[in-house]
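Visitor:
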Amino acid sequence: MTSSLDLNETLDTIVDRALEVMAADAALVVSWDGVASEFSVLRAAGRLSGEYAGAGSIPVGGGPMSRAILNGVAVTTPDILHDPETWLVPARRAQIEREGFRAVGAAPLRSKGRVHGALVVHYWTVRALSEEDMAALQLLAEHGALALDNARVYADATRRADRLRELTDLEQLVAESLVVDDVLRRIAQATARLLDAPMVQLWTADPAERSVRLSASSVEPGLPEVRMPRTVPFGEGIVGRVAETRTTIYVADVPGDPRALSGEWARETGIARMMSVPILAANDDLLGVLVVRSRDESLSMDENRALMTSFAARAAIAMQHARMYGEAVHRAGRLRDLVAVSQSITGSLDSADVMRRITQAVAGMRPGALGAVHLYDADRGVLRAEALSGADWEGLPIERPANAGLPGVVFEAQTPVLVPQPMIHPRTLAPEWWQKRPKGTYYGVPIAVGDTFVGVLDYVLPEGLPDAEEQEALRLLAAQAGIALRNAALYQTERVQAERIRALAAVNQRLSSALDLDELLRAISESAASLVGVRFVAFWLADEASRTLTLSGSSDPAIEGVAPRRTAPYDMGATGWVARYRERLVIDDITSDHRIMDGEWLARWGLTSYMAYPVVSGDELLAIVALLHSAPIRVPDDAVDVIDMFLGQASVAVRNARLYREAQRRRDVAETLARIARELTGTLEAERIAELVTHGLVDLLGSRGAALYRYE
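Counting from 22, one number per residue, gives the positions in the sequence shown under the working numbering.
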């Protein structure tokens with residue numbers, strides 16, 4: 022038995038010798054870990070059916086095999102089906118009856134003071150095994166246990182040697198190759214081989230996007246592809262949770278874990294166990310996640326955990342090498358790009374184009390970087406974000422006082438300002454925005470022409486400080502941008518100013534000539550539709566006392582004529598929302614916003630987007646101007662002040678029209694009172710006086726009737 026160190030050959034020898042020495046019809050070697058509810062079948066020989074041996078396990082119970090393992094002594098029975106000391110569950114009894122064996126002998130496989138399994142022989146006849154027979158079986162079991170120990174030790178040593186060779190090859194590959202995709206693929210394949218894993222995945226982290234992306238995998242032939250996203254946000258699923266917490270997570274039952282994104286796949290394939298290990302840099306920064314899936318509990322072994330940690334460390338080195346090489350290549354290309362950008366922006370007279378090029382060039386200096394241009398409005402004393410590199414700037418104010426926030430520090434200093442920890446800086450306006458970027462840094466450079474301050478060029482990094490090369494490039498870019506922006510601003514100001522003057526003059530003339538309120542509201546609605554370029558504008562007059570809105574005018578009488586409602590309270594609909602908060606509201610898709618009222622009416626006319634402005638005078642809300650169109654409504658930056666001035670003119674015009682209407686009403690009241698007074702002084706008849714008074718009340722109050730009672 023001990024002549025071979027191959028585990029499979031040793032098992033074959035043990036069952037063959039048991040059949041020979043014990044003159045048995047069948048022999049079986051089983052193992053047990055001391056915890057499981059089943060014994061694992063390591064080898065079977067003889068008359069046992071393929072179905073019985075191929076089941077792979079036998080439940081722990083009260084038969085000879087179980088008693089031998091649990092009690093650590095050899096056990097025999099002449100007839101397992103009729104032995105009063107033997108108890109079998111119905112399913113196990115039925116299995117034995119189908120096989121047909123009757124007599125059974127079992128001896129424990131003991132190693133290092135612990136029972137690890139049993140050697141079992143079966144006979145298809147009823148017979149009693151003698152003491153000599155059981156002694157022989159016990160001796161076979163002892164020799165078998167020793168042979169199995171030797172084979173396992175040899176297998177473990179061979180496996181460790183193979184693993185060391187594989188790790189050495191990977192170490193060399195990581196040191197020599199800068200092609201990170203190839204290195205990660207080789208790491209995934211080596212992990213699958215050494216851990217005998219059917220599925221291995223390597224995910225790389227994107228700290229700026231707070232997500233991990235599947236970059237390499239090793240899949241056992243014939244397995245279906247894992248049905249889960251190739252990009253997973255931090256905190257989502259198990260891999261996202263590992264990325265978020267930077268800790269190893271072992272899942273013994275993937276189908277039953279609510280966090281798993283691949284539960285259905287695991288259930289279909291039977292690959293239910295998964296180990297996920299974070300890939301960390303030397304400074305503990307997250308680089309990625311290594312995920313290994315298995316059909317058994319082998320992943321929970323300390324040796325395999327250590328091996329996975331070793332693979333994760335090598336993946337980290339490969340990722341860092343590739344990142345450093347990529348950064349070097351990127352810097353060389355960045356300098357070339359900056360030269361090209363500098364040449365292009367100085368030749369442009371379109372300020373929006375100039376600022377867009379600047380922010381894109383700045384954001385492209387490093388992965389995850391953000392760029393912005395704040396322009397200084399000397400008349401209003403504010404800095405306004407006129408160009409942003411992307412949506413990541415959302416959450417910061419578009420406009421601020423010139424001395425507010427981090428750009429305000431640059432404005433005051435008139436020199437470049439570096440803020441290593443913006444989140445705790447006393448001048449930070451939006452700490453919650455920086456809390457999402459705890460390692461972010463800010464670098465602001467003044468944009469100037471001579472001694473004239475033009476604005477601030479903002480540069481935000483997701484982590485780390487801008488190096489000297491980046492800072493110099495930003496200063497040069499800001500200097501060239503100052504001249505380009507001033508040239509473009511002069512050109513744009515002259516052109517836009519002429520257009521604004523013409524547009525506002527026409528609108529002002531139209532509004533100022535209308536004193537009739539109904540005519541005025543129609544004129545305001547039509548002017549708003551023309552200025553913004555939308556299909557329909559509705560004008561809702563506000564009644565602050567009753568907190569209601571009344572549809573009083575529009576740009577299209579046909580649409581207005583079939584409106585399902587003409588009044589609405591402040592707490593209803595999107596228009597009511599604007600009335601409550603007195604803020605502009607923009608809705609690109611009215612079908613997806615619960616605040617929209619009467620959506621069917623709007624859909625009938627093809628109106629799918631909504632924008633509304635409050636019309637105010639001092640602290641008083643006068644009206645709401647609602648604009649609707651068949652496509653999302655966009656107001657260009659250079660038209661914002663035109664809208665503001667238009668709303669200001671509309672406010673004055675509405676107030677004037679209201680005053681005019683009130684003056685008319687008072688004049689009508691005065692004339693009515695004068696008429697009634699003349700008529701009352703012309704008669705002394707009580708009935709005539711009562712008639713004049715009641716008719717006068719109807720005329721003055723607009724009521725349907727009036728009555729006068731005489732007291733006697």
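Glycine included, C-beta positions come from ideal geometry on N, C-alpha and C.
Note that the structure is a prediction, hence the values are computed from the model and not measured.
Would Arg-234 and Ile-259 be called neighbours here (beta carbons separated by less than 8 Å)?
Guide: No, Cβ-Cβ distance for Arg-234 and Ile-259 is not below 8 Å.
Visitor: Is Gly-83 near Ser-61, with beta carbons less than 8 Å apart?
Guide: For Gly-83 and Ser-61, no; Cβs fall outside 8 Å.
Visitor: Compute the Euclidean distance between the alpha carbons of Glu-230 and Ala-115, then round it to the nearest angstrom.
Guide: Looking at the two C-alpha atoms, the distance is approximately 59 Å.
Visitor: Can you grab the Cα-Cα spacing for the pair Met-22 / Ala-293, in whole Å?
Guide: With a pLDDT of 47 at Met-22, under the threshold of 50, the modelled position of this residue cannot be trusted; read the value that follows with caution. Straight-line Cα distance between these residues: approximately 37 Å.
Visitor: DSSP on Gly-309, reduced to helix/strand/coil?
Guide: The answer is strand: DSSP assigns Gly-309 an E or B state.
Visitor: Please confirm whether Val-558 and Ser-573 have their CB atoms less than 8 Å apart.
Guide: Taking 8 Å as the Cβ cut-off, Val-558 and Ser-573 do not qualify as a contacting pair.
Visitor: Is it buried or exposed for Ala-162, if we count other Cβ within 10 angstroms and need 16 for buried?
Guide: Ala-162 is buried by the Cβ-count criterion.
Visitor: Using a Cβ-Cβ cutoff of less than 6 Å, which residues in the same chain neighbour Tyr-73 once the five nearest sequence positions on both sides are dropped?
Guide: The answer, listed in chain order, is Glu-120.
Visitor: With three or more C-beta pairs closer than 8 Å as the rule, is the stretch 87–105 touching the stretch 145–161?
Guide: Result yes; three or more Cβ-Cβ pairs closer than 8 Å.
Visitor: In this structure, does DSSP put Val-555 in helix, strand or coil?
Guide: Coil.
Visitor: Check each candidate in Asp-609, Glu-683, Gly-620 and name the one with the smallest Cα separation from Ile-593.
Guide: Going by the sequence as given, residue 593 is Met instead of Ile. Nearest C-alpha to Met-593: Gly-620.
Visitor: Is it right to say Trp-53 is buried, meaning 16 or more other beta carbons lie within 10 angstroms of its own, or is it exposed?
Guide: It counts as buried.
Visitor: Give me the DSSP bridge partner(s) of Gln-501.
Guide: Paired residues: none, contrary to the question.
Visitor: Rounded to the nearest angstrom, what separates Ala-166 and Leu-301 at their Cα positions?
Guide: Going from the Cα of Ala-166 to the Cα of Leu-301 covers about 43 Å.
Visitor: Could you name the residues that DSSP lists as bridge partners for Ser-70?
Guide: BP columns for Ser-70 are empty, so no partner.
Visitor: Specify, as a first and last residue, the run of the alpha helix (DSSP H) that Ser-87 falls within.
Guide: It spans 85–92 - the alpha helix (DSSP H) in which Ser-87 sits, taken as one unbroken run.
Visitor: What's the call for Ser-283, buried or exposed, on a 16-neighbour Cβ count within 10 Å?
Guide: By the 10 Å Cβ count, Ser-283 comes out buried.
Visitor: Going along the chain, which residues of its own chain have a beta-carbon closer than 7 Å to the beta-carbon of Val-690, five neighbours each way excluded?
Guide: Taken in chain order, the residues that qualify are Leu-721.
Visitor: With a 10 Å radius around its C-beta and 16 neighbouring C-beta atoms as the bar for buried, classify Glu-436 as buried or exposed.
Guide: Rather than Glu, the amino acid found at residue 436 in this sequence is Thr. Per the 10 Å Cβ criterion, exposed.
Visitor: Ordered along the chain, which non-local residues of its own chain (more than five positions away) have a Cβ less than 6 Å from that of Ala-549?
Guide: Closer than 6 Å at Cβ, skipping near neighbours: Val-558, Val-646.
Visitor: Taking the alpha-carbon positions, what's the Val-375 to Leu-396 distance?
Guide: Whole-angstrom Cα-Cα distance: 12 Å.
Visitor: Quick check for students: name the residue ranges of the beta strand (DSSP E) that lie wholly in the stretch 566–615, counting only runs of 3 or more.
Guide: Runs found: 569–575, 588–590, 606–608.
Visitor: Between which two residues does the alpha helix (DSSP H) containing Ile-259 stretch?
Guide: Residues 258–266.
Visitor: Measuring CB atoms only, is the stretch 238–249 touching the stretch 262–279, in the sense that at least three cross pairs come out at less than 8 Å?
Guide: Counting Cβ pairs under 8 Å, fewer than three are found: no touch.
Visitor: Can you look up Gly-732 in the DSSP assignment and give me helix, strand or coil?
Guide: With the sequence shown as reference, residue 732 is identified as Tyr, and Gly is not the correct amino acid for it. Coil, per DSSP.
Visitor: Rounded to a whole number of angstroms, what is the C-alpha to C-alpha distance between Gly-402 and Gly-261?
Guide: If I take the Cα positions, the gap works out to 45 Å.
Visitor: How many angstroms separate the CA atom of Ala-218 from the CA atom of Met-295?
Guide: Distance between the alpha carbons of Ala-218 and Met-295 is about 10 Å.
Visitor: From the DSSP secondary-structure annotation, give me the bridge partner or partners of Gly-126.
Guide: Answer is Thr-97, Val-142, bridged to Gly-126.
Visitor: With a threshold of 8 Å between beta-carbons, can Leu-701 be considered close to chain D, or not?
Guide: No chain D appears in this structure, which consists of one protein chain only.
Visitor: Compare the beta carbon distance of Ala-633 and Arg-605 with 8 Å and say whether it is the shorter of the two.
Guide: The answer is yes: Cβ separation under 8 Å.
Visitor: With 16 other CB atoms within 10 Å as the buried threshold, where does Ser-724 fall?
Guide: By the 10 Å Cβ count, Ser-724 comes out exposed.
Visitor: Mapping the DSSP letters down to three states, classify Ser-24 as helix, strand or coil.
Guide: Summary for Ser-24: the model assigns pLDDT 48, below 50, so the residue's position carries little reliability; its value from the coordinates is reported in the next sentence. It is coil, neither helix nor strand.
Visitor: Tell me which residue opens and which closes the beta strand (DSSP E) that His-650 is part of.
Guide: That run of the beta strand (DSSP E) goes 641–650.
Visitor: Can you tell me the Cα-Cα spacing of Ser-24 and Gly-67, whole angstroms?
Guide: In this prediction, Ser-24 scores a pLDDT of 48, lower than 50, which makes its location untrustworthy; the coordinate-derived value is nonetheless stated afterwards. Computed Cα separation, rounded: 23 Å.
Visitor: Closest to Thr-596 by C-alpha separation, out of Gly-582, Thr-34, Leu-649, would be which residue?
Guide: Checked all of Gly-582, Thr-34, Leu-649; the closest Cα to Thr-596 is Leu-649.
Visitor: Hey, is the stretch 485–505 in contact with the stretch 437–447, meaning 3+ C-beta pairs nearer than 8 Å?
Guide: The stretch 485–505 is in contact with the stretch 437–447.
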